[in-house]
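Heads up: the sequence shown at position 126 corresponds to 131 in my numbering, and the numbers run straight through without jumps. I have placed the structure first, in the form of structure tokens, so that the comments after it can refer back to it.
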Amino acid sequence: MSRLDGVDFDWEYPGAPDIPRIPPGSPDNSANYLAFLKLVHAALPSDYSVSLTAPASFWYLKGFPIADMMGLWNSFSDPGCPAGNCLRSQWVSWMKPSTYNSRSAWAQALGFGGIADWAVDLNDSYTSNGTGIGEGSGVVYIPPSIYNETSPTVACSPPCTFVFPPWTLSTMTTICQPPVTMTVEDIWPSVSTDDGGVTTTVYVSKTVVTTISIPPVITAA
């Protein structure tokens, strides 16, 4: 730890159940993470710092042992830093290859052993944007934030499949759906020709009404 003044941990994310290709986290992750940070803090010299990287979204932030924090909702996020004009707004950054390479070279010139790309996993959207020739959106993954929205909506270009994130209820619950009634009308032509050569076409129809009973779904707590 030559010339270092502390450690920083970036766990993405304690207790998260829905990150593609990553095993679901445990509900105990948050408490265990706090216990781990306390052990590290106690083991380090008093003039060393312990920091962690926390996500911006509530869904993933709730797994972190944080009671209060500073953020874009504050007038000042750093001492003496004036509030900008992008508070509570969406912001996206992008670096062209020359900027990316120059920053990498600058970091390596300072003697760092390597650099990190933030974040490689975001290069994959895990969704299909379709081809624009009628194949639809394909599989559309709905973000966990939909459960916190006042009027949630989802949309796609059909055909598509919506995949919703896990939703854990506080108690064992029985979900009942009313019966579904389907009406199918089958129509086919009946053609007949009389002795005078006159052809008559009559359309015959048959309507079948089917009621489908959906069994109840029992969820675990």
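Cβ atoms here follow ideal geometry from the backbone N, Cα and C, with glycine treated the same way.
Problem - Spatial distance of T158 from F167 (CA atoms) - result: 12 Å
Practice task
Compare the C-alpha of L42 against each of P29, L66, W64, F14 and name the closest.
Solution key: F14
Problem - C-alpha gap between S62 and P149, whole angstroms - result: 10 Å
Handout entry: Counterpart residues of V12 in DSSP-defined beta bridges
Key = V55
Practice task
For T216, collect the residues of the same chain with a Cβ closer than 6 Å to its Cβ; drop the 5 residues on either side in sequence, then sort them by chain order.
Solution key: P184, T186
Exercise for the section: Just the C-alpha distance for Q182 and L174, rounded to the nearest angstrom, thanks. Expected result: 17 Å
Exercise for the section: Run the CB neighbour count on T136, radius 10 Å, all protein chains shown included, and call it buried at 16 or more, exposed below. Expected result: The predicted model places T136 with a pLDDT of 49, which falls under 50 and marks its position as unreliable; any figure quoted below should be read in that light. Counting Cβ neighbours within 10 Å, T136 comes out exposed, since fewer than 16 surround it.
Handout entry: Residue burial classification, Q95 (beta-carbon count within 10 angstroms, cutoff 16)
Key = For Q95, the predicted model reports a pLDDT of 49, less than 50, meaning its position is unreliable and no value from the coordinates is stated.
Problem - Span separating the alpha-carbon of W193 from that of V213 - result: 14 Å
Practice task
Could you tell me the distance, in whole angstroms, from the CA atom of Q113 to the CA atom of Y53?
Solution key: 24 Å
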